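**Q** Sharing a structure, written as structure tokens. Questions coming.
Number of protein chains: 2
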Amino acid sequence: MRAQPQSNGLDRHPFVARLSQLVELKTAELKGLDDIIDGELVIRKRRDLVADGYEYRKLCFVKDGYAVRYKLLRNGKRQILNVIVPGDIVGLPGSFYERSFYSVTAITDLCMNVCGIDAYVQLCYRHPQFGLALSWMAVQEAATYAEHVIDVGRRTPVERLSHFLLELHARLRAVERAEKERFTLPFSQEVIADVLGLSVPHVNRMMQQLRGEKLIANRDRVIEFLDFDAIQTLAHYQPQALAPIPREGRPG
Amino acid sequence: MRAQPQSNGLDRHPFVARLSQLVELKTAELKGLDDIIDGELVIRKRRDLVADGYEYRKLCFVKDGYAVRYKLLRNGKRQILNVIVPGDIVGLPGSFYERSFYSVTAITDLCMNVCGIDAYVQLCYRHPQFGLALSWMAVQEAATYAEHVIDVGRRTPVERLSHFLLELHARLRAVERAEKERFTLPFSQEVIADVLGLSVPHVNRMMQQLRGEKLIANRDRVIEFLDFDAIQTLAHYQPQALAPIPREGRPG
DNA sequence: GCGGATCATTGCTTTAGATTATTGAACGGC
DNA sequence: GCCGTTCAATAATCTAAAGCAATGATCCGC
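Sequence order for the protein chains is A and B. In this text, residue positions in the first sequence follow our numbering: the first is 104, and each later residue adds one. In this text, residue positions in the second sequence follow our numbering: the first is 104, and each later residue adds one.
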């Protein structure tokens with residue numbers, strides 16, 4: 104979090120790491136991205152970053168920390184739409200829609216790099232791959248939501264929990280925040296309950312069930328997968344590979 | 104569905120109608136889109152257009168008809184991810200991911216215009232607004248999914264059904280397939296049940312409840328909203344306005 | 001005009017999971 | 001070192017919605 108002269112340190116940024124998996128970025132393009140970064144934003148744990156119903160014309164590239172997108176219903180219930188991990192973008196709907204339709208709150212201290220949406224759009228006009236990359240990432244986000252719909256719609260509670268753990272693990276792995284078959288859960292059971300549309304006691308029971316069936320072991324929040332195949336089958340989980348973005352010039 | 108010489112009739116295409124709401128399209132750009140259209144694809148009612156797990160490197164712009172994205176679970180349950188209406192794009196994840204992670208099936212006869220994903224990407228390099236438009240639409244799709252997550256996660260069955268009806272009505276209005284407070288439901292209660300994660304009898308009962316509370320009236324599949332405000336409140340529904348895509352040239 | 005398919009409606013039983021409440025453990029600040 | 005907060009664990013009751021089953025209604029082709 105120390106200021107780095109002449110650069111926002113994008114080269115080691117988890118967002119760039121994810122972009123690089125989609126399209127090979129030339130130095131000039133990276134420079135273009137670096138140029139539009141306004142600076143760094145740090146939000147403390149338990150604080151809201153984006154408020155439901157407000158305009159938010161910034162893009163935030165999460166460097167470190169965890170957050171959730173959520174929506175509060177009038178009856179007091181909270182549904183967490185999804186979790187945000189390093190490498191994710193925050194602020195898309197607030198920029199594309201006239202106002203955000205959910206809130207974002209930091210679960211841990213959260214460190215991000217920010218730019219204005221207009222600056223990013225102009226970057227897309229200069230380097231169209233950034234616009235395409237945005238589509239790719241939005242599609243990826245849509246895919247995560249889609250799985251989430253299946254979770255809460257048709258999966259049983261154990262299946263949901265398993266699926267959540269597997270997917271989170273995969274996302275953390277992509278940005279080097281998880282080991283091969285073990286990771287540290289950044290979220291409380293209350294958060295998980297609101298992600299999965301369950302009650303806290305039930306999440307707890309499902310954790311116990313997974314432990315009882317020797318599918319996972321956990322000491323505090325350190326989760327270890329004991330039988331990867333079995334839990335993947337249980338969760339109907341299938342890892343998805345993103346196809347790369349074609350470069351310019353190939354005949355249409 | 105008759106062949107139109109020299110043009111795919113894109114000017115009156117609901118997809119173009121939606122694009123035009125996002126960004127003003129110049130003649131040359133429209134021509135560019137028209138040029139990459141391979142032709143027309145008609146899929147008959149009850150047939151699959153995309154199969155779960157297969158590669159699908161095409162984009163289909165729905166001209167007429169209705170379809171659903173769905174996923175079959177091993178336990179025989181089906182979750183419908185969302186419904187597809189005229190003006191929607193089919194095929195994004197199949198193009199962006201290495202394989203599609205869901206199936207698409209036609210509910211009514213379905214008429215679409217098709218192009219290859221590579222051709223579209225090349226179009227984006229020539230006219231970056233198409234790439235941006237794709238992001239916008241993907242974000243819109245993500246937003247629909249997000250609401251769907253809230254539906255199945257935290258809304259009560261009546262709320263879900265109300266929300267579904269309202270959202271569908273709004274989407275149909277955007278492409279002139281619905282009147283101000285009335286529309287024809289293109290889907291059976293079985294389809295709706297699989298969208299909302301409910302059983303068919305329960306969907307039926309919830310319809311009755313809405314009728315009983317004088318929120319809607321329906322004769323067969325023609326739905327009429329009797330008290331728009333009340334049902335919107337019940338459903339926690341808030342219409343969302345998409346911000347337009349900025350044109351090139353404004354200072355970043 | 002008949003017969004099959006599709007879809008809507010209704011009743012009954014059963015159970016999964018919410019709700020509520022309480023205890024216990026771990027952590028962090030002063 | 002103590003106290004307050006936060007989170008995990010566990011038990012009891014109760015209700016909402018699933019599951020199952022059967023009947024009507026409507027539309028279609030022949």
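Glycine included, every Cβ here is placed at the ideal spot set by N, Cα and C. For clarity, every value in this text was computed on a predicted model and none was experimentally measured.
Is there a C-beta anywhere in chain B that falls below 7 Å from the one on A:Ser-265?
**A** A:Ser-265 does not count as touching chain B.
**Q** Is it true that the CB of A:Lys-161 sits closer than 7 Å to the CB of A:Arg-194?
**A** Before going on, a small fix: residue 194 of chain A reads as Gly here, not Arg. Yes, the Cβ-Cβ distance between A:Gly-194 and A:Lys-161 is below 7 Å.
**Q** For A:Ala-131, count neighbouring C-beta atoms within 10 Å of its own C-beta (all shown protein chains included) and say buried if the count is 16 or more, exposed if not.
**A** That one is exposed.
**Q** Are the CB atoms of B:Val-145 and B:Cys-214 nearer to each other than 7 Å?
**A** Cβ distance < 7 Å, so B:Val-145 and B:Cys-214 count as in contact.
**Q** Mind listing which residues of the stretch 187–208 of chain B have their C-beta closer than 9 Å to chain A's C-betas, in chain order?
**A** Here the close residues are Leu-195, Pro-196, Ser-198, Phe-199, Tyr-200, Glu-201, Arg-202, Phe-204 and Tyr-205.
**Q** Ordered along the chain, which non-local residues of its own chain (more than five positions away) have a Cβ less than 6 Å from that of B:Ala-281?
**A** Around B:Ala-281: His-272 and Leu-275.
**Q** Could you work out which residues of chain A lie near B:Glu-244, taking near to mean beta carbons separated by less than 7 Å?
**A** In chain order: Ala-245.
**Q** Between which residues of its own chain and A:Gly-197 is the CB-CB distance below 8 Å, once the five residues before and five after are set aside?
**A** The residues are Val-153, Tyr-157, Glu-158, Tyr-159, Arg-160, Lys-161 and Ser-203.
**Q** Between the stretch 323–338 of chain A and the stretch 258–265 of chain A, can you find at least three pairs of beta-carbon atoms closer than 8 Å?
**A** The stretch 258–265 of chain A is in contact with the stretch 323–338 of chain A.
**Q** Would you kindly work out how many angstroms separate the C-alpha atoms of B:Val-126 and A:Gln-232, rounded to a whole number?
**A** Taking the straight line joining both Cα atoms gives about 19 Å.
**Q** Determine whether the Cβ of A:Ala-281 lies closer than 7 Å to any Cβ atom of chain B.
**A** With 7 Å as the cut-off, A:Ala-281 does not count as an interface residue toward chain B.
**Q** What span of residues does the beta strand (DSSP E) with A:Ser-358 cover, start to end?
**A** Outside the shown range of chain A (104 to 355) lies residue 358 of chain A, about which nothing can therefore be said.
**Q** Looking only at its own chain, which residues have a Cβ that is under 6 Å from the Cβ of B:Asp-167, when we skip the five neighbours before and after it?
**A** Cβ neighbours of B:Asp-167 beyond the five flanking positions: Pro-189 and Cys-214.
**Q** Would you report the Cα separation of B:Leu-113 and A:Leu-128, rounded to the nearest angstrom?
**A** Those two C-alpha atoms are separated by around 34 Å.
**Q** Distance cutoff 7 Å, beta carbons only. Does A:Ala-277 sit that close to anything in chain B?
**A** Closer than 7 Å: no.
**Q** At a Cβ threshold of 7 Å, is B:Leu-231 touching chain A?
**A** Reading off the sequence shown, one finds Pro at residue 231 of chain B, where the question assumed Leu. Yes, B:Pro-231 counts as interfacial toward chain A.
**Q** Is there a C-beta anywhere in chain B that falls below 7 Å from the one on A:His-272?
**A** No, its Cβ sits nowhere closer than 7 Å to a Cβ of chain B.
**Q** Could you tell me the distance, in whole angstroms, from the CA atom of B:Leu-268 to the CA atom of A:Arg-257?
**A** Cα to Cα, the separation comes out at about 20 Å.
**Q** Looking at B:Lys-180: is its Cβ nearer than 7 Å to the Cβ of B:Tyr-205?
**A** For B:Lys-180 and B:Tyr-205, no; Cβs fall outside 7 Å.
**Q** List the residues of chain A that B:Val-255 touches, going by C-beta distances under 8 Å, in chain order.
**A** Residues of chain A passing the Cβ test: Val-252, Val-255, Gly-256 and Gly-300.
**Q** In the DSSP output, what is B:Asn-321 paired with across the bridge?
**A** BP columns for B:Asn-321 point to B:Ile-326.
**Q** Please report the distance separating the alpha-carbon of A:Ser-123 from that of A:Asp-141.
**A** Each residue's Cα considered, the two are about 21 Å apart.
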